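Have a look at the structure below, then the notes.
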Amino acid sequence: MPEATVAPWPVSSVRVRVPATSANLGPGFDSMGIALDLWNDFELDMDGGEPGVSVSVIGEGELTLPRDRSHLTIGTLLDELARHGIPAPERLSLRCRNDIPSASGLGSSSSAVVAGLIMATVLRLAATTGRRVRPHEIELHDVLARAVEVEGHGDNVTPAIYGGLQVVYTHGDHYRNRAIPIPPTKVVVCVPDFLYLTSQARAALPASISHADAVFNIGHAMLVAEALRSQDDALLSDALRDALHEQYRLPSIPGAFDARQAALDASAIAVCLSGAGPGLLAFARKEHDTIGEAMVAAFRRHRLNARYWVLSASTGGVRVDIV
Numbered sequence: 077m078p079e080a081t082v083a084p085w086p087v088s089s090v091r092v093r094v095p096a097t098s099a100n101l102g103p104g105f106d107s108m109g110i111a112l113d114l115w116n117d118f119e120l121d122m123d124g125g126e127p128g129v130s131v132s133v134i135g136e137g138e139l140t141l142p143r144d145r146s147h148l149t150i151g152t153l154l155d156e157l158a159r160h161g162i163p164a165p166e167r168l169s170l171r172c173r174n175d176i177p178s179a180s181g182l183g184s185s186s187s188a189v190v191a192g193l194i195m196a197t198v199l200r201l202a203a204t205t206g207r208r209v210r211p212h213e214i215e216l217h218d219v220l221a222r223a224v225e226v227e228g229h230g231d232n233v234t235p236a237i238y239g240g241l242q243v244v245y246t247h248g249d250h251y252r253n254r255a256i257p258i259p260p261t262k263v264v265v266c267v268p269d270f271l272y273l274t275s276q277a278r279a280a281l282p283a284s285i286s287h288a289d290a291v292f293n294i295g296h297a298m299l300v301a302e303a304l305r306s307q308d309d310a311l312l313s314d315a316l317r318d319a320l321h322e323q324y325r326l327p328s329i330p331g332a333f334d335a336r337q338a339a340l341d342a343s344a345i346a347v348c349l350s351g352a353g354p355g356l357l358a359f360a361r362k363e364h365d366t367i368g369e370a371m372v373a374a375f376r377r378h379r380l381n382a383r384y385w386v387l388s389a390s391t392g393g394v395r396v397d398i399v
């Protein structure tokens, strides 16, 4: 039998690289996030081979992530094309090379959503213009607005798209962000082998908060941004405290309190949950491996395996190549 053929498409492949992110940063609940130099790499091919959808995963999540339309990147891509009335290519082959651990508090799902939205944007533009699209034609602010709609909040997707330290907020019906320039910054991220989904972390939060706790977090969040900008370690140590979410989430993560204290004892400047957890983020100037090993040992005492990464803050966000 002759090989199946697929109609030509103006774009043959799209590659999207997305950095890890750490959201909240203590008191910056749902309003502050930072990009980290750990990347997920997504490559979509439309040419050659059998029609249909196929997904391959190498690295983090290779034993657990779906290999069909239920993969978050493919699902996001197909939903967006349908939303704009654009027929999907007959063949979609997605190759994922993941360095960001899943369900870790490092924005793995945000990276998948951002990749899917950017791929959908490229295909939509290609379908409407009939030609190959250039990366500069992608309107990242439109991608961001849609990513916030999909994710529900923007403290992960904003640094994933733009990089750096980002403060996010709403103005009426509009979503806005502002980058806070910071000097080179290095952190230690320790992630225990403990399933703590964002949905669980959200469910742990109270339905209402006190004015005192709101005022506490407003002041501390502003000072966290200033401390990172000015490299004021004493200020960061004092400011990176929270009254809105960590006290409700940390007790659900075995060993988290001890791991945080172990990092501080090992010379970390300040420690917070990475996103909603279960990972912990430690800011430090020195002894990064010592800090990571101390956190791993603390989790081990609570019968949890853990891994750590020493990461630089990424000044760049999403990267796109189109063929």
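In the working numbering, the protein residues as written are 77 to 399. Idealized CB from N, CA, C, for every residue including glycine. From a predicted model like this one, the values you see are computed outputs, not experimental measurements.
If only complete runs of 3 or more residues are kept, the stretch 214 to 254 shows the beta strand (DSSP E) at 241 to 247, in order along the chain. Histidine 217 and serine 350 have their C-alpha atoms spaced approximately 25 Å apart.
Per DSSP, reduced to three states, the secondary structure at alanine 202 is helical.
For the pair histidine 147 and leucine 141, the CB atoms are nearer than the 9 Å cut-off. When rounded, the separation of the alpha-carbon atoms in serine 132 and valine 233 is 23 Å. Between valine 219 and leucine 201, the C-beta spacing is not below 9 Å.
Counting the other CB atoms within 10 Å of its CB gives valine 224 a total of 16 or more, which places it among the buried residues. Pairing alanine 382 with alanine 358, the inter-Cα distance amounts to about 15 Å.
DSSP, reduced to helix, strand and coil, places valine 300 within a helical segment of the structure shown. Alanine 99 sits close to methionine 108, with the two beta carbons spaced by under 9 Å. CA-to-CA, the gap between glutamate 126 and arginine 143 works out to about 16 Å.
Contiguous beta strand (DSSP E) elements confined to the stretch 133 to 218 occur at 167 to 174, taking only those with 3 or more residues. Collapsing the DSSP output to three states places aspartate 117 in a strand. Distances from the alpha-carbon of tyrosine 384 to those of Thr391, Ala374, His378, Ser390 put Ala374 closest. Counted as a single uninterrupted DSSP element, the alpha helix (DSSP H) harbouring arginine 278 occupies residues 274 to 279. Burial check for histidine 296: the Cβ neighbour count within 10 Å reaches 16 or more, so the residue is buried. C-alpha of glutamine 307 to C-alpha of alanine 342: approximately 19 Å in a straight line. Annotation: alanine 352 to serine 169 spans about 32 Å, alpha carbon to alpha carbon. Looking at the DSSP output, methionine 108 shares a beta bridge with Val243. If you draw a straight line from the Cα of leucine 120 to the Cα of glutamate 156, it is about 15 Å long.
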